[in-house]
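Taking it in order: structure first as structure tokens, then the write-up.
Protein chains in written order, with my numbering: chain L, 185 to 558; chain X, 185 to 558; chain G, 185 to 558; chain S, 185 to 558.
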């Protein structure tokens, strides 16, 4: 070995085991050859690499909104927003993913915080994103020059490669959550980024009630004849709480009238969709709002791929695998791949849960599976 | 020829002509052979069969709403509604299609009329249908047991093979138009029909403000998680005027603000879509609402396939090929395949035009073409 | 009525009937009004227009190859080929379709005949076409400059809007059949046509064993990386008998070995497909080759849409609805929409049947149905 | 912190930097809060997480076939094949991926080796796989009971969730390469596995020249009418060298005749496709064979996603980013995401390169990009 050859990162050890070759000197010699040539045999790895069903590296975990908020408030005081750091965003780091800012292996979830008068500078990236607002108001996100109001309950998708900045026009700070496919893009090495203007134009720093995208696209069952192509991501930039709430309310009312509208008794759910193709709002991210009637427990379900939930309203008891937590407004938790998940609404009112996940990836690749545990 | 052999329907005549073989006795003899064997040569037919561009057998024509209404009122007095005839529907017969009830070669358009208390009996058919209401109210169409209110400006699709009946719960008669692909289904010999109950159940003879389908599907950018498959036809049974009107109003407002939202200056248009795939509401029928600002004239456009228009509001001057007509509320007119078409809003207000056509057939078969004439 | 108003084509007669309004003078007056306003009521038409299942206007019928050939030979002597008439093609005229050159309501089928040294001039049209060769050789069809040999058993698709000419380089005349969607395009008024060069270039008047399209596209499970887009029609211009025969032979051999490869016992079939999407070779035309073992009878099947069959080899007994015929090599017959169809191989060898039909139209529009009669 | 709370994996350090907040005690305190609550700020991570374009963690690297073969031969002597270890497969471990058996972040590539008379036991898994044979013969892979011969130049896809075993019926050992999406499935936690029979039935341990799948599906432009649904993965289990070679030869011949058939001058390429949809053979893996004429250098190209190449024949000079290697038959090398890649055929004959990559993942998610560097 010369100084030019870095040591091989491969480390193999011949050990006795029910599925392993006998640990002889000859085997050790073979393993040294593998290491030298940068090779790893299947037989030492298969148990971990090819399990009978997904065994997530991620843990089920809950983050409390109050603590997130406190830290965001502190960050608001001492960490400026500007080019380079780009956003005052603080990401959930799953406890078993090595301290990386990954809520799950594929998903990024962060609290973002903007002080009165602040503007997060314009950029664009291939990663798909959205904002969801559990409380507060006062910020507009400006997408390709279209200012989009952000208010409690709104879901604001941000498809990859669109220019965007955020500005806070109010006298109060505002917090919201961002969801992105950053870990997936990072792992698959498919990401692009560009910086935009330091400051958007004054004419874009406005506070309209409705964005242009909503005015063009936000009409049920209608699309502009000037825009009839299917697009891989939604052109609608805001899904308002008033609509989401009404849709959930109607599902439960239809159930009361004897119609099949809910997912299971007392469990209503809507999916945010791309109106140009009726499919998920973003190619890699599914987003839904769930409402569980007071006292109801959902079916225990497991699914390939991971999800992040945020409690929008109400109180609940969540069980993910072996873990059970009481959750309240704003709390965020993670459901890893193939982990059995159920939730019960434990408050006097319904429990509303916002959910996002990576299911479109698996559906696009024909590898999605889900099952109800009996 | 024996009595068992019917005379051949083929008739061929050897005539002189620039593209024809010389009319010799030998040719006549050949033609007799063709007739006997039920054969027709291309060279006598090609000019008609394979034109340089579509030459429609249908005429551009206008039907006046007042006259349709008068005759419908008379029919209401003397023609009962019931099993067998099924509907008190009176169809537009294009003047050059041989007296057949075809508005165009592919499309059926009729005025339907229902007296107070009447019920049109339940049936289902593979033909795709819709209702559009230019005036009046009081009728509910009951689709698979779901009662759907019909009011001015509403578009009510009726995908093939769904059970449906209509009942008039008011004290006034009501007229509306029906559009179907009956001629296309008839010509292509692909139609099925079944009769249902003579009378729907009392519990279905109701008058809800909103149908169950609207309550489940009528929320912008949202779909129930219990229903996530793509469907070839829309599950949404009513597209309400309030939404259509708002969408058109916003397109013109966006245009005023400098945005590209309209088809051409002063010409807004929305298409009714199937929310499960973002495409046309029915596999064979496209439906749209157009709004032209006062004074504006649309681009002259021609398109493969035919359309029927009804004036929803306002006054206009319509030109289809060589024909020009002044039109007013309720008037219906036909634009044949590849006929150049333009319309000018001639009243003090905007002109609103409802349109339906057969474009999805051609798009599905990759044979659609359209062009703007300069 | 003035001289400017043509007489209405609508003719209505008030007649007594189980489903008809009482034939009173008032009804007659109403019908005169309908005629005047170009209207036709549903209740007089529904029995014909909206049957319980398709009732084809077309008849089941057989044309004998020997008679077609005789007449083609005569035409070869006295009818020149050239611009205007374009092709020496003689079409099957279904006996109940009014003498029009329509084998079925949607399909054109013709024998085409080219004398030694002749060239059919170049043109292109939006109608989709194919050639199928039941006997003979010596003609090359030149598609966008690519000369494609035509030999017994070959299927040669010709997607719409490609330039094409034919030339006979041999010392023998040659006959083959053409299939097109001319009636469908005519009825739906969606057709375009352009004339090309009077004579193709000498360099294109060649006789290669394999066309360039075959050399680029004719490799199983492979496509050129330079051409990876899905195309609505096949880029492969020849499907050779050697491949078709081998595929059918293998299906029957697999059946003998106990595998599920055939449509039903003793009934093998392959479909010609577009290799860029795995679907039908043309957007409006399905083409298949069927092989029925000696003595075997196929299941009785009915299907929405019509087909034309040509016996490629062997002898059979065909039953279509009430008609039964003995058929032999070259005979052509028609199966109308929803007519029950079965065939038995009555010769000592297998029966090979070429089939083309309009099923892709119905599949694209989600209106296809088929059933096996028990 | 109690004994029940594991130490947080998050480690943050306030450091001075152009894009970082000032490293004050207050910031340190904030970071301790982040660590405690399992949070990571964007501003410390963005440079690595969201680069301007993909910066692969994987290195460009070459593995020499001779050394792989030597080690495989040794393993053949001392490592048995059987249940548990499942396969005598030895995987390429990219030098910068931490010693894991990943050729690239998404792809597994291994040499597999089977001794005379050996049988690798039956199993199935959701991971998609293929085999490619650079030399040798004698092994049949048995897929759902269908024995598929493996010979030099053959590409043998193995879609997820099909049962498969391998057996060596010859008197010689045989080596081949396996490609799978194991790292992608592992990372996205979407994998399932089942063990099958210890020994396949004697009747399946056969050595047919052609598998049943080839006999049913291996005919150009044809598919069995008994199997007309689109399938996400190919039903064709062998793509034979004779076809691949002929397709490449024809592309170069067509280029010589002046036709556009190759990717660039002197660079022919075919893609292995799923005949039921014309798309990639597997949902997550693209496979191609490239042929570069002697002396020719390909365009320098970069693409999102990674590839593994194996030299099938000839000699070449490969440049990936900053690395250049001379390569010969059997050598394997890796092209990481977005790395510029070019190859020159340096021998007297053409250079044939087998390639597989993960591009279908990015195309399905609409995030694929490629560019030619000038």
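Ideal Cβ positions, reconstructed from N, Cα and C, are used throughout, including at glycine.
Assigned exposure category for residue i - 16 Cβ within 10 Å defines buried
{"i": "residue 363 of chain G", "result": "buried"}
{"i": "residue 483 of chain G", "result": "exposed"}
{"i": "residue 334 of chain X", "result": "buried"}
{"i": "residue 548 of chain L", "result": "buried"}
{"i": "residue 372 of chain X", "result": "buried"}
Span of the beta strand (DSSP E), counted from its first residue to its last, around residue i
{"i": "residue 515 of chain G", "result": "That residue, residue 515 of chain G, is in no beta strand (DSSP E); it is neither H nor E in DSSP."}
{"i": "residue 322 of chain S", "result": "321 to 327"}
{"i": "residue 469 of chain S", "result": "Premise fails: residue 469 of chain S is in no beta strand (DSSP E) and is neither H nor E."}
{"i": "residue 307 of chain L", "result": "303 to 309"}
{"i": "residue 390 of chain G", "result": "That residue, residue 390 of chain G, is in no beta strand (DSSP E); it is neither H nor E in DSSP."}
{"i": "residue 351 of chain G", "result": "348 to 352"}
Residue i, enclosing alpha helix (DSSP H) - first and last residue
{"i": "residue 427 of chain G", "result": "425 to 440"}
{"i": "residue 258 of chain L", "result": "249 to 262"}
{"i": "residue 125 of chain X", "result": "Residue numbering for chain X in the displayed model covers 185 to 558; residue 125 of chain X lies beyond these limits and cannot be assessed."}
{"i": "residue 233 of chain S", "result": "230 to 233"}
{"i": "residue 366 of chain X", "result": "366 to 372"}
{"i": "residue 555 of chain S", "result": "Where residue 555 of chain S is concerned, there is no enclosing alpha helix (DSSP H), although the beta strand (DSSP E) it sits in stretches over 554 to 557."}
{"i": "residue 396 of chain L", "result": "396 to 401"}
{"i": "residue 211 of chain G", "result": "209 to 220"}
{"i": "residue 545 of chain G", "result": "543 to 548"}
Beta-carbon proximity of residue i to residue j, cut-off 8 Å
{"i": "residue 409 of chain S", "j": "residue 455 of chain G", "result": "yes"}
{"i": "residue 414 of chain L", "j": "residue 461 of chain L", "result": "yes"}
{"i": "residue 290 of chain G", "j": "residue 241 of chain G", "result": "no"}
{"i": "residue 438 of chain L", "j": "residue 298 of chain X", "result": "no"}
{"i": "residue 220 of chain X", "j": "residue 192 of chain X", "result": "yes"}
{"i": "residue 504 of chain L", "j": "residue 244 of chain L", "result": "yes"}
{"i": "residue 317 of chain S", "j": "residue 360 of chain S", "result": "yes"}
{"i": "residue 311 of chain L", "j": "residue 375 of chain L", "result": "yes"}
{"i": "residue 418 of chain X", "j": "residue 343 of chain X", "result": "yes"}
Residues bridged to residue i [DSSP beta-bridge criterion]
{"i": "residue 508 of chain G", "result": "G/503"}
{"i": "residue 476 of chain X", "result": "X/451, X/535"}
{"i": "residue 491 of chain G", "result": "G/519, G/541"}
{"i": "residue 237 of chain X", "result": "The partner list for residue 237 of chain X (beta bridge, DSSP) is empty, contrary to what the question assumes."}
{"i": "residue 246 of chain L", "result": "L/517"}
{"i": "residue 292 of chain X", "result": "X/364"}
Test: residue i CB closer than 8 Å to a CB of chain S
{"i": "residue 421 of chain G", "result": "no"}
{"i": "residue 455 of chain G", "result": "yes"}
{"i": "residue 327 of chain G", "result": "no"}
{"i": "residue 427 of chain G", "result": "yes"}
{"i": "residue 400 of chain G", "result": "yes"}
Interface flag, residue i vs chain X, CB-CB below 8 Å
{"i": "residue 187 of chain G", "result": "Low confidence applies here, because residue 187 of chain G scores a pLDDT of 45, under 50, leaving its location unreliable; read the following figure in that light. With 8 Å as the cut-off, residue 187 of chain G does not count as an interface residue toward chain X."}
{"i": "residue 545 of chain L", "result": "no"}
{"i": "residue 435 of chain L", "result": "yes"}
{"i": "residue 389 of chain L", "result": "no"}
Residue i CB to nearest heavy atom of the ligand MG below 7 Å
{"i": "residue 245 of chain S", "result": "Summarising the ligand content, the structure contains no ligands, and the ligand MG is consequently not present."}
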